[in-house]
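Participant: Protein chains in written order, with full-length UniProt numbering: chain A, 1 to 115; chain B, 1 to 96.
Even glycine gets a Cβ: it sits at the ideal position worked out from N, Cα and C.
Below is one structure. I have some questions about it.
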């Protein structure tokens, strides 16, 4: 059984491509049946904010990209509860929620590392 | 003659954790105004950031990030035309 790979997204959803590239990497690994988990922390939790409209700045809305994570088989999705609180993200985007049904929220990083 | 003779409009596009975000806030003088664009609008939802009294945000960037419907803080949101008019009212502009 190969080890689960944890992909961390800690950059805001728009403005640069680092977060999208990290998600693409997770989807590619999952597509080849590698166990993958996603972790949103710091400013990355803004990916999970409801009501995003990427078209307002001619970009794709990221929560729809997240929709692919489930289809590809990304097993676990985590979000930093302290960051969710800091950025007043009250629960994942309903669309993303379809992707993040098993989202586990954790208090500090060490909890995730022990999983 | 502008209505803000000696003040400055600070235009900020950095995300809240960027070093220049704090540098901009520190550089603001009484009477100055702050315009948040791109990832800087995330500060509207960031409870850790005290925003200056006169703060504006670009509507399109707020919409993209889900900060129009869900308004954590009451800040005037401007469209692109409004942003242009705002820059016309200040004798000095700084883009951070």
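Measure the C-alpha to C-alpha separation of residue 46 of chain B and residue 86 of chain A and round it to an integer number of angstroms.
Facilitator: 6 Å
Participant: Alpha helix (DSSP H) containing residue 49 of chain B: first to last residue?
Facilitator: That residue, residue 49 of chain B, is in no alpha helix (DSSP H); it is neither H nor E in DSSP.
Participant: Between A/80, A/74 and A/88, which lies nearest to residue 23 of chain A when the distance is taken from Cα to Cα?
Facilitator: A/74
Participant: Could you give the C-beta distance for residue 7 of chain A and residue 31 of chain A, rounded to a whole number, given that I count them as a contact under 8 Å?
Facilitator: No, residue 7 of chain A and residue 31 of chain A are not in contact; Cβ-Cβ is about 13 Å, not under 8 Å.
Participant: Helix, strand or coil for residue 88 of chain A per DSSP?
Facilitator: Looking at residue 88 of chain A - three-state DSSP - the assignment turns out to be coil, as it is neither helix nor strand.
Participant: Which bits of chain A does residue 85 of chain B rub up against, with CB to CB less than 8 Å?
Facilitator: None at all; the shortest Cβ gap to chain A is about 20 Å.
Participant: I'd like the list of long-range same chain contacts for residue 97 of chain A, defined as Cβ closer than 6 Å, with 5 residues on each side in sequence excluded.
Facilitator: Interpretation of residue 97 of chain A is limited by its pLDDT of 49, a score under 50 that renders its predicted location unreliable; the figure taken from the coordinates is listed afterwards. If we look at residue 97 of chain A and ignore the five residues flanking it on each side, it has no Cβ neighbours.
Participant: Hey, quick one: how far does the beta strand (DSSP E) through residue 56 of chain B stretch, first residue to last?
Facilitator: 55-58
Participant: So is residue 14 of chain A buried or exposed if we call it buried at 16+ other beta carbons inside 10 Å?
Facilitator: Residue environment: residue 14 of chain A is assigned as buried (16 or more neighbouring CB atoms within 10 Å of its CB, all protein chains considered).
Participant: Look up residue 70 of chain A in the DSSP assignment and give the residues it is bridged to.
Facilitator: For residue 70 of chain A, which the question treats as bridged, DSSP gives no partner whatsoever.
Participant: Compare the beta carbon distance of residue 9 of chain B and residue 87 of chain B with 8 Å and say whether it is the shorter of the two.
Facilitator: yes
Participant: Can you list, in chain order, the residues of its chain whose CB lies under 8 Å from that of residue 41 of chain B, leaving out five sequence neighbours each side?
Facilitator: 57, 58, 61, 62, 65 and 67
Participant: The beta strand (DSSP E) spanning residue 131 of chain A covers which residue range?
Facilitator: Residue 131 of chain A cannot be examined here, being either before or after the span of chain A that is shown, 1 to 115.
Participant: Can you list, in chain order, the residues of its chain whose CB lies under 6 Å from that of residue 76 of chain B, leaving out five sequence neighbours each side?
Facilitator: 56
Participant: Since residue 48 of chain A sits in a beta bridge, which residues does DSSP pair it with?
Facilitator: Answer is none; residue 48 of chain A lacks a bridge partner.
Participant: Hey, does residue 97 of chain A have any beta-carbon neighbour from chain B nearer than 8 Å?
Facilitator: Any reading at residue 97 of chain A must be qualified, since the residue scores a pLDDT of 49, below 50, and its modelled position is unreliable; no value is offered.
Participant: Using DSSP bridges, identify the partner residues of residue 7 of chain B.
Facilitator: None; residue 7 of chain B has no bridge partner.
Participant: Does DSSP put residue 57 of chain A in a helix, a strand or coil?
Facilitator: In the structure shown, residue 57 of chain A sits in a helix (DSSP, three-state: H, G or I).
Participant: Quick one: residues in its chain with C-beta nearer than 6 Å to the C-beta of residue 20 of chain B, no 5 flanking neighbours on either side, listed in chain order?
Facilitator: Here the set comprises 14 and 96.
Participant: Taking all protein chains shown into account, decide if residue 48 of chain B is buried (16 or more other Cβ within 10 angstroms of its Cβ) or exposed.
Facilitator: exposed
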